[in-house]
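Residue numbering for the sequence shown follows my numbering, starting at 9 and increasing by one per position.
We treat Cβ as the ideally placed atom computed from N, Cα and C, and that holds for glycine.
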Amino acid sequence: MCRAHGLAGAFGPRAWTSPRRTPLYYPDAVSLAGDATAADVVTGIDLTAPGASVKDSYARLDLAPHGFRPLFDATWIGRPAGPPAAPAAPWTRVGTPDALTAWADAWSGGDADEAALFRPALLDDPAVTVVALPGPDGRILGGAVLSAGGGATGVSNLFAADGTDPAAVWAAALAAADPALPVVGYESGDDLTAALAAGFAELGPLRVWLAA
């Protein structure tokens, strides 16, 4: 997502950071190791205005002394490589800017500011697959974003619209993923329950912090 917005972050031994403010809902820093420190994630990000966020991948950091507060907690999930256990309804790969606009509108529930996160440049990334579950009338009933890298496929932005069963969306996402790679992500609440029902297992906690 950052590359689609023209942002290039920096990888350090224990954290990834972006010197420029990242898009809405995307962290400015991510801890990459269990022994990451507050300095690893806070140094190198833009704290000149409120709103910076940090993905504490192991839920081990204390960022309160640096002006952050916990925004939410979630659980990492993982599924071994292999074909999906449940058959998937017909799904499509979003491949054009117009199709991405329609997908983003469905994902955001019609919120134009949120939908603007998804720029056409995202479709140029060979590691990214935007999955849509179309309804019989052409409406998008659900979808997800798959990102391949590091020997796994990450799933994010999964949504079920118009009362769609989340199980159908998970089945479509897993059908679109490379069966040779494990699939990982994070969820919480009812979304976590749906992911576990789709064959994922809980891997550990994470926390997202927000700067005041």
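Check                                                                                                                                                      : Outcome
Three or more C-beta pairs under 8 Å: does that hold for the region 70 to 79 against the region 41 to 52?                                                  : yes
Hey, quick one: how far does the alpha helix (DSSP H) through D64 stretch, first residue to last?                                                          : Not the alpha helix (DSSP H): D64 falls in the beta strand (DSSP E), residues 61 to 64.
Can you grab the Cα-Cα spacing for the pair A185 / E210, in whole Å?                                                                                       : 19 Å
Report all residues from its chain with a CB closer than 6 Å to the CB of A114; omit the five preceding and five following residues, and keep chain order. : I148, A169
Assuming T201 is part of the beta strand (DSSP E), what are its boundary residues?                                                                         : First-last for T201: 197 to 205, but that is the alpha helix (DSSP H), not the beta strand (DSSP E).
Where does R29 fall in DSSP's three states?                                                                                                                : coil
G14 and A37: beta carbons closer than 9 Å?                                                                                                                 : no
In the structure shown, what three-state DSSP assignment does L131 receive?                                                                                : helix
Thinking C-beta only, is L200 closer than 9 Å to T83?                                                                                                      : yes
Skipping 5 residues on each side, what residues in its chain have a beta carbon closer than 6 Å to that of A206?                                           : W178
DSSP puts T100 in a beta bridge; with which residues?                                                                                                      : A140
Y194 bridges to which residues according to DSSP?                                                                                                          : W84
Under the DSSP definition of a beta bridge, which residues are partnered with S39?                                                                         : A23
On the DSSP letters alone, give me the boundaries of the beta strand (DSSP E) that T161 sits inside.                                                       : 160 to 168
Which first and last residues belong to the alpha helix (DSSP H) in which A112 is found?                                                                   : 105 to 116
For N165, tell me which candidate among A112, A41, P21, V50 has the shortest Cα-Cα distance.                                                               : A112
Alpha carbon to alpha carbon, how far is G146 from G42? Give it in angstroms, no decimals.                                                                 : 45 Å
Could you check the C-alpha separation between V50 and L32 for me, to the nearest Å?                                                                       : 18 Å
How is A57 classed by DSSP in three states: helix, strand or coil?                                                                                         : coil
Please report the distance separating the alpha-carbon of A202 from that of A175.                                                                          : 7 Å
Is DSSP giving L149 helix, strand or coil here?                                                                                                            : strand
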